[in-house]
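Protein chains in written order, with our numbering: chain G, 3 to 273; chain F, 3 to 273.
Built from N, CA and C at the ideal position, the CB exists for glycine as well.
Worksheet: one structure, shown below.
Number of protein chains: 2
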Amino acid sequence: AGLEAVVLVPAGATALGKLSQSVAYGARVVRLEGDFDAGMRLVREHAEALELYVVNSLNPFRVEGQKTIVLDLLQQERWRAPDWIVFPAGNLGNAAAFGKALREALAHGWIERAPRLLAVQAAGAAPFHASFEGDFARLEPVHADTLATAIKIGAPVSFRRAVRAIRETNGAVLAVDDDAILDAKAAVDAAGIGAEPASCASVAGLKQAVATGLVARHERCVCILTGHLLKDPETTLAYHEGTLAGVESRAANRPVTIAPTPEALARALGE
Amino acid sequence: AGLEAVVLVPAGATALGKLSQSVAYGARVVRLEGDFDAGMRLVREHAEALELYVVNSLNPFRVEGQKTIVLDLLQQERWRAPDWIVFPAGNLGNAAAFGKALREALAHGWIERAPRLLAVQAAGAAPFHASFEGDFARLEPVHADTLATAIKIGAPVSFRRAVRAIRETNGAVLAVDDDAILDAKAAVDAAGIGAEPASCASVAGLKQAVATGLVARHERCVCILTGHLLKDPETTLAYHEGTLAGVESRAANRPVTIAPTPEALARALGE
Chain G
3 AGLEAVVLVP AGATALGKLS QSVAYGARVV RLEGDFDAGM RLVREHAEAL ELYVVNSLNP
63 FRVEGQKTIV LDLLQQERWR APDWIVFPAG NLGNAAAFGK ALREALAHGW IERAPRLLAV
123 QAAGAAPFHA SFEGDFARLE PVHADTLATA IKIGAPVSFR RAVRAIRETN GAVLAVDDDA
183 ILDAKAAVDA AGIGAEPASC ASVAGLKQAV ATGLVARHER CVCILTGHLL KDPETTLAYH
243 EGTLAGVESR AANRPVTIAP TPEALARALG E
Chain F
3 AGLEAVVLVP AGATALGKLS QSVAYGARVV RLEGDFDAGM RLVREHAEAL ELYVVNSLNP
63 FRVEGQKTIV LDLLQQERWR APDWIVFPAG NLGNAAAFGK ALREALAHGW IERAPRLLAV
123 QAAGAAPFHA SFEGDFARLE PVHADTLATA IKIGAPVSFR RAVRAIRETN GAVLAVDDDA
183 ILDAKAAVDA AGIGAEPASC ASVAGLKQAV ATGLVARHER CVCILTGHLL KDPETTLAYH
243 EGTLAGVESR AANRPVTIAP TPEALARALG E
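The structure is reproduced here in structure tokens:
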């Protein structure tokens, strides 16, 4: 459209694939020496003076677009709503959008009952989960720390709308640690689907929910994967190589490096 | 299909996205301390004894699959063949497959005349180009050196079949240097399409061919992009950051790193 795009990212905490795409497609990429929340604050307070139009999930048109995730899902299920929709939760834009989509689908009579929303946070960035545990009385921002960069957010901007979504759908909020996220990712990847770490919080969360009895085995559940495998090649590789700091790799297929001889290859294949 | 997959790659010369996908999807990844050609030799000579079934472009079924690139292209053009099909050339599997597809499309009467094939090599890995210059009298393997890892091949295995393809279509073979490949990539990326470096050899080659008069401006040309932008995020980012060894970056949008303050952001946007 000939518009100039500015992409603000936290320095050192942005998946390589996303960073390379932003630069490649022609955006002006500004790395901020600070975390996502510092960037979000900067944009909320100063965007207008800087003549920037904000298009992240603060923007209501963005939410209208994100609604289609749920509407497409319901259509593909022939408007027979699943029992649960499980999704990764960081800035809570998806929670807000999914809640709005279900509200409207009910109002229009497209579905007869809403699925329950299950928001899953990374344990190191779980202010929404903590708030849920306290019946949403308040939101206490945290310093976010997780390998799941897409949900590494300590002060989610869509908190109010997300609370409404969870309450209206009799939903729940869970937190899963990075080990569980990466093990779930290994399973999603090995199935030939593939996703970035944050996405797989949904699968890890469902596993936990079944283990604790929140979700019954007979219930129909849809897990949302929000980002492609190739968005974060570094984390994938480091997990399988067992070099991810603070994470225990249970990966079965660690890459090996050998001399290019038939003897070395035979040994590597025999192991 | 429950088959065990072994992926052999040259250590240190495989794009990060591809490596991460191979590991993620469950293959046993073996990095060989040597280049692509050493790995290819190893596999040709010892695969059977090691009970490996080779599925790279040596495999005739692979070529049958690659033919569909040209058949789909012709169908999308409503069987009105373009004047040229331009594509990156390394191991020459595409050249062989495209030649076979065109031969069969002519034999079946799907097209009335074949497009000319224009194979484009990286200058640092251009034995096919050198051979073409000597009327294909011989193939002299080279030590491959290029940032376009997907075509970093010094001893292409499909040489004979590729020669036939170029001859039958009155085609040509060019070589373009890494600077030209990466500038072409910047243009492909900025158009919102995006591709890995090797892919963009086709676009760089067409530019050269128009400049030298080999291709006339009025001719209809299709450039093949063989790999997605996200296959090689490292090279994309390094190009725009101006940190790629041996390459002059003409990228306009270098990422910057700043403090998360409105003053610093205003300065960054003003520059």
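| Item | Value |
| --- | --- |
| contact_flag[the segment 100–120 of chain G, the segment 140–149 of chain G] where n(CB pairs < 8 Å) is 3 or more | no |
| is_contact[Asn61(G), chain F] using C-beta, thresh 7 Å | no |
| Residue of Gly196(F), Gly4(F) and Gly101(F) minimising C-alpha distance to Thr228(F) | Gly196(F) |
| C-beta contact flag for Val122(G) and Pro90(G) at 7 Å | yes |
| Exposure label - Trp86(F); buried when at least 16 CB within 10 Å | buried |
| 9 Å Cβ cut-off: residues of chain G touching Val258(F) | Arg30, Val31, Val32 and Arg33 |
| Integer-rounded CB distance, given that Lys233(F) should sit under 8 Å from Gly19(F) | 4 Å |
| Neighbour list for Gln23(G) in chain F, Cβ cutoff strictly below 9 Å | Asp191, Gly196, Leu231, Leu232, Pro235 and Thr238 |
| Ala211(G) versus Gly156(G) - alpha carbon distance | 23 Å |
| Buried or exposed by the 16-neighbour rule on C-beta atoms within 10 Å, applied to Asn61(G) | exposed |
| Cut-off 6 Å between Cβ atoms - residues of its own chain near Val45(F), not counting five sequence neighbours on either side | Val56 |
| Same chain, Cβ closer than 8 Å to Pro235(G), neighbours up to 5 away in sequence not counted | Leu18 and Gly19 |
| Run of the alpha helix (DSSP H) containing Thr263(G), from where it starts to where it stops | It is not in any alpha helix (DSSP H) - Thr263(G) carries neither H nor E in the DSSP assignment. |
| Straight-line Cα distance separating Val178(G) from Val88(G) | 13 Å |
| The segment 157–175 of chain G touching the segment 132–140 of chain G, judged by at least three CB pairs closer than 8 Å | yes |
| C-alpha gap between Glu66(G) and Val72(G), whole angstroms | 11 Å |
| Neighbouring residues, chain G, relative to Ala40(F) (Cβ below 8 Å) | Pro262 |
| Sheet register partners of Cys225(G) (DSSP bridge) | Val88(G) |
| Backbone CA spacing between Arg125(F) and Ala164(F) [nearest angstrom] | Looking at the sequence shown, residue 125(F) is not Arg but Ala. Going from the Cα of Ala125(F) to the Cα of Ala164(F) covers about 18 Å. |
| Minimum C-alpha distance to Leu149(G) - residue among Leu5(G), Ala15(G), Val8(G) and Ala270(G) | Ala15(G) |
| Pairwise C-alpha distance: Leu104(F) and Asp74(F) | 12 Å |
| Beta-carbon neighbours of Ala91(G), restricted to chain F and to distances below 8 Å | None at all; the shortest Cβ gap to chain F is about 24 Å. |
| Supposed close pair Asp180(G), Val249(G) - CB separation, criterion 8 Å | 6 Å |
| C-alpha gap between Gly244(G) and Ala128(G), whole angstroms | 25 Å |
| Continuous beta strand (DSSP E) stretch holding Val217(G): start and end | Looking at the DSSP string, Val217(G) is not in any beta strand (DSSP E), and its letter there is neither H nor E. |
| Between the CA atoms of Ala240(G) and Ala188(G) - distance to the nearest angstrom | 12 Å |
| Min CB distance Leu5(G) to chain F below 7 Å | no |
| Min CB distance Gly95(F) to chain G below 7 Å | no |
| Delimiting residues of the beta strand (DSSP E) encompassing Pro12(F) | Val8 to Pro12 |
| Proximal chain G residues relative to Tyr55(F), where beta-carbon distance stays under 8 Å | Result: empty, since nearest Cβ-Cβ is about 13 Å, beyond 8 Å. |
| Rounded straight-line distance, which links the Cα of Glu53(G) to that of Glu47(G) | 12 Å |
| Interface residues of chain B facing Gly36(G) [CB-CB closer than 8 Å] | Judged by its chain identifiers, the structure shown contains no chain B, and its protein chains are G and F. |
| Option in Arg162(F), Ala266(F) and Leu119(F) with minimal Cα separation from Val217(F) | Leu119(F) |
| Cβ pair Val1(G), Ala270(F) closer than 7 Å | This structure cannot settle anything about residue 1(G), because the visible part of chain G is limited to 3 through 273. |
| Straight-line gap, Trp112(G) to Phe161(G) (C-alpha atoms, nearest Å) | 27 Å |
| Helix, strand or coil at Val165(F) according to DSSP, with G and I counted as helix | helix |
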